[in-house]
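Step one of this worksheet: look at the structure below.
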Amino acid sequence: FTDIDFYGYDMAASIIQKNTEKARSLGFMNLLFVQDSLLNSRKTKTFDLVTCFSTLHYVEEIELAIKRLFEGLTPEGYLIFNYPNIYTRKNYQEDIQPDDEYMKRRFALLLAGRNLISQRRIQEILGARPKKFYSSIKSNIYVMVRNT
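Our numbering numbers the first residue of the sequence shown as 112 and each following residue consecutively.
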């Protein structure tokens, strides 16, 4: 796929630098990394495909984040992402050890239920029906939404 540019976005400058260096060292000149925020994006490009994996678990304003991802699509473009839901919360509550302060801080939003969302709510927000794309278990659902 050398004739296609691939973009990666992250808020952390250190991640952008690390990923850029790794891509260059491997000879991938079409992998481009840009520092940007999901909620206050400065992106002007639109994409045929946008993916977002294991990121929304850390975002309190999840509805706005999903809208911003969807806004990054070309007409007929696809958004594929996973999202925290009631089953994700239950799983994390069961799996995180009571004395594991790091994990409790890391997933505080999810554990408190402050950023949970459902497929029905995603459809209401986007005006497009998400289709289950993949699911290893109920707590890890990936959906695909098409911009029509």
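Just so it is clear, CB atoms sit at the ideal spot from N, CA and C, and this is done for glycine as well.
Look at F181 here: in three-state DSSP terms it is helix. When DSSP states are grouped into helix, strand and coil, K243 belongs to the strand group.
Within the region 114-148, the complete alpha helix (DSSP H) runs of at least 4 residues fall at 124-136.
Non-local C-beta neighbours of I173 in its own chain, meaning closer than 6 Å and more than five positions away in sequence, comprise L167, N226, I228, ordered along the chain. Within 10 angstroms of the beta-carbon of F192 lie 16 or more other beta-carbons, which makes it buried. Using a Cβ distance threshold of 7 Å, L184 and L150 do not count as a contacting pair. In the structure shown, the three-state DSSP call for N193 is strand. Beta-carbon to beta-carbon, E212 and R257 are separated by about 41 Å, too far to satisfy the 8 Å threshold. For I248, there is no enclosing alpha helix (DSSP H), as DSSP marks it with neither H nor E.
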